[in-house]
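Step one of this worksheet: look at the structure below.
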Amino acid sequence: METLKIIGAVITLMGSIALLLGALGLVRMPDLYNRIQTGTKASTFGTMLTLFGLVFIFPGWTGKLIILILFVGISNPVSSHVLARNAYRAGVPLTGKTTVDRLAEDMEKKNVEPKNDAQ
Amino acid sequence: MNIKNIGISFLILFGFWLLLNGTFSTPVIVTGLIVSLIIPMWFCARCDVFADMRLTPKAFFYTFIYLFVFGFELVKSNLDVTRRVISPKLPINPGIVKVKTKLKSKMARLILANSITLTPGTFTLAIEKKYLYVHWIDVQDKDVEAATKDIVQKFEKYLEVIYG
Amino acid sequence: MVNTILTISVVLILLSILLSLYRFIKGPNTADRVIAFDVMTIASIGLIGLIAYFDNRIVYLDVAVVYGLLSFIGVIVVAKFLEKSL
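Residue numbers (numbering that gives the first Met the number 0), protein chains in the order written: chain A, 0 to 118; chain B, 0 to 163; chain C, 0 to 85.
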């Protein structure tokens with residue numbers, strides 16, 4: 000019983016370390032898109048691990064903790080995707096290290112084609 | 000077609016209700032049954048979200064395998080991002096690549112996009128019909144076909160069986 | 000033993016909230032601030048779970064569910080707003 004609780008506590012500790020690293024990535028990364036990469040997703044993983052560790056400590060709480068884990072896991076990719084897409088459309092710049100940008104190339108093509116049709 | 004939608008929505012809502020309450024007393028179960036039957040019949044009369052889902056034993060089996068593959072990828076890529084954040088030189092090589100998917104159903108594309116987003120290192124920036132624009136923190140292949148092989152195929156082969 | 004480990008996790012989560020607060024204050028534009036806000040609320044959900052452990056009350060987990068819901072809606076709304084004007 001006691002060992003199970005310690006296992007849960009260690010999982011929770013790993014989750015909080017992941018949260019800390021996610022926040023560190025948020026501070027260190029050069030542009031918005033890389034911040035989303037490290038920030039929101041490492042922190043989602045960290046919170047899921049933190050809550051999963053509590054399942055071992057309080058088996059009676061399993062139902063609500065599973066709901067929270069599923070909710071965080073489903074809602075966060077959606078919100079970060081929507082934010083990144085709309086920020087890209089609003090023109091938030093990419094970092095200078097960026098190697099390739101297929102979306103900009105394709106958007107350019109689309110903007111050019113209707114103009115040609117109009118002329 | 001619609002029976003399937005209402006049935007799956009009912010199961011999800013009822014499961015959510017039971018998990019949220021945490022007890023199995025009669026009033027709780029009866030209330031949950033009634034409410035989670037009324038809501039899909041009222042709001043889901045014409046929706047087709049789950050219409051493409053296959054309910055064969057093989058699909059269930061592949062759902063479990065998919066969850067395992069996904070969990071493994073999640074842990075692996077989190078470790079990878081951790082390495083990038085800690086190392087003092089910040090070894091990133093970001094870019095937006097274009098990948099192609101064979102999946103036709105909307106729900107399968109949604110799950111694919113969410114899986115790509117939740118495994119750190121890649122996230123979906125935009126979806127245009129069968130092409131996905133993916134922001135990749137460490138670009139290895141700029142070509143459409145090669146990037147598809149690297150990012151999409153590990154998830155796609157399971158989702159293809161679960162959905163059409 | 001368990002209490003000690005969980006106290007360390009609380010400290011680490013508070014540190015991560017402080018780090019994202021730095022990005023929230025400094026962030027060059029609105030989208031960066033929204034991302035910092037998102038990380039702060041997600042970390043707070045884990046923190047509420049740990050507080051529920053220390054007080055031994057399951058009711059706090061309901062607070063965490065509602066908190067997550069509000070943060071999700073907040074991020075979506077600000078993202079919609081960003082698309083129209085910035």
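Glycine is no exception: its CB is placed at the ideal position from the N, C-alpha and C atoms. Just so we're clear, the structure is a prediction, and the values are computed from it rather than from any experiment.
Worksheet item: Anyone know if the C-beta pair for C/D37 and A/S15 falls short of 8 Å?
Response: no
Discussion item. For a cutoff of 8 Å on Cβ pairs, would you count A/T94 as touching chain B?
Written reply: yes
Practice prompt. Rank C/I75, C/A63, C/L69 by C-alpha distance to the C-alpha of A/I68 and give the top, closest one.
Written response: C/A63
Worksheet item: Given that a residue counts as buried once 16 or more other Cβ atoms are within 10 Å of its Cβ, and exposed if not, what is A/G38?
Response: buried
Discussion item. Mapping the DSSP letters down to three states, classify A/T43 as helix, strand or coil.
Written reply: helix
Worksheet entry | is_contact[A/N75, chain C] using C-beta, thresh 8 Å | Chain C places a beta carbon closer than 8 Å to that of A/N75, counting this residue as a contact.
Worksheet item: So, is the C-beta of A/S15 closer than 8 Å to a C-beta in chain B?
Response: So no, A/S15 is outside the interface.
Practice prompt. Give me the Cβ distance between B/M106 and B/Y157, rounded to the nearest whole Å; I'm assuming they're in contact under 8 Å.
Written response: Wrong, their Cβ atoms sit about 14 Å apart, outside the cutoff.
Worksheet item: Considering A/A8, what are the terminal residues of the alpha helix (DSSP H) in which it resides?
Response: 1 to 27
Worksheet entry | Short CB-CB distance (under 8 Å) between C/R22 and chain A | yes
Worksheet entry | Beta-bridge pairing of B/L131 - partner residues as DSSP gives them | B/V98, B/I126
Item to complete: Can you give me, in chain order, the residues of the region 1 to 15 of chain A that have a beta carbon less than 7 Å from any beta carbon in chain C?
Response: Correct list: K4, I5, A8, V9, T11, L12, G14, S15.
Worksheet item: CB-CB under 6 Å to A/S42, same chain, minus the five flanking residues each way: which ones, in chain order?
Response: Excluding sequence neighbours, A/S42 sits near L18, G21.
Worksheet item: Does any CB atom of chain A fall closer than 8 Å to the CB of C/L69?
Response: It does not; no Cβ of chain A falls within 8 Å.
Worksheet item: Helix, strand or coil for B/T121 per DSSP?
Response: Secondary structure of B/T121 (DSSP, three-state): strand.
Practice prompt. Run the CB neighbour count on A/D116, radius 10 Å, all protein chains shown included, and call it buried at 16 or more, exposed below.
Written response: Unreliable placement is indicated for A/D116, whose pLDDT of 35 sits below 50; no coordinate value is reported for it.
Worksheet item: Among the residues of its own chain, which have a CB less than 6 Å from the CB of A/I5, if the five just before and after it don't count?
Response: none
Item to complete: Just tell me which of A/F57, A/V81, A/K63 has its CA closest to the CA of C/Y52.
Response: A/F57
Discussion item. Determine whether the beta carbon atoms of B/F59 and B/S114 lie at a separation below 8 Å.
Written reply: no
Discussion item. Within 8 Å of any Cβ in chain B, is that where the Cβ of A/N85 sits?
Written reply: no
Fill in: Euclidean distance between Cα positions of A/G7 and A/L48
10 Å
Discussion item. Just to confirm the assignment, what range does the alpha helix (DSSP H) spanning B/P26 have?
Written reply: 25 to 42 is the extent of the alpha helix (DSSP H) around B/P26.
Worksheet entry | Close Cβ partners of A/K114 (< 7 Å) along its chain, the five nearest in sequence each way excluded | Low confidence applies here, because A/K114 scores a pLDDT of 37, under 50, leaving its location unreliable; read the following figure in that light. Here the set comprises nothing.
Item to complete: Less than 8 Å between the CB atoms is what I'm expecting for B/V138 and B/P93, so what's the real figure, rounded?
Response: 7 Å
Worksheet item: Considering only the beta carbon of each residue, do A/I35 and C/I50 sit closer than 8 Å?
Response: In this structure, A/I35 keeps its C-beta atom at 8 Å or more from the C-beta atom of C/I50.
Worksheet item: Which residues, in order along the region 130 to 146 of chain B, keep a beta-carbon less than 7 Å from a beta-carbon of chain A?
Response: Y132, H134, I136, V138, K141
Item to complete: Have a look at A/T45 and B/P56 and give me their C-alpha separation to the nearest angstrom.
Response: Reading off the sequence shown, one finds Gly at residue 45 of chain A, where the question assumed Thr. Each residue's alpha carbon lies about 33 Å from the other.
Discussion item. Strictly below 9 Å CB to CB, what residues from chain A border C/V76?
Written reply: Neighbours of C/V76 on chain A: none; closest Cβ ~10 Å, over 9 Å.
Item to complete: Residues of the region 31 to 46 of chain A with a CB closer than 8 Å to any CB of chain C: list them in chain order, please.
Response: L31, R34, I35, G38, T39, S42, T43, G45, T46
Worksheet entry | DSSP bridge partner residues for B/M52 (one or two, in chain order) | B/Y162
Practice prompt. May I ask you to report which of helix, strand or coil DSSP gives B/D137?
Written response: strand
Discussion item. Within 8 Å of any Cβ in chain C, is that where the Cβ of A/I56 sits?
Written reply: yes
Item to complete: Take every Cβ of the region 8 to 25 of chain C, pair it with every Cβ of the region 144 to 151 of chain B, and state whether three or more of those distances are shorter than 8 Å.
Response: no
Discussion item. Would B/L54 and B/T118 be called neighbours here (beta carbons separated by less than 8 Å)?
Written reply: In this structure, B/T118 does not lie closer than 8 Å to B/L54 by Cβ.
Discussion item. Within a Cβ cutoff of 7 Å, which residues of the same chain sit near C/R32, ignoring the five residues on either side of it in sequence?
Written reply: Closer than 7 Å at the Cβ level, and outside the excluded window around C/R32, lie F23, G26.
Item to complete: Mind checking which residues open and close the alpha helix (DSSP H) that includes B/K88?
Response: Note, B/K88: premise wrong, no alpha helix (DSSP H); not H, not E.
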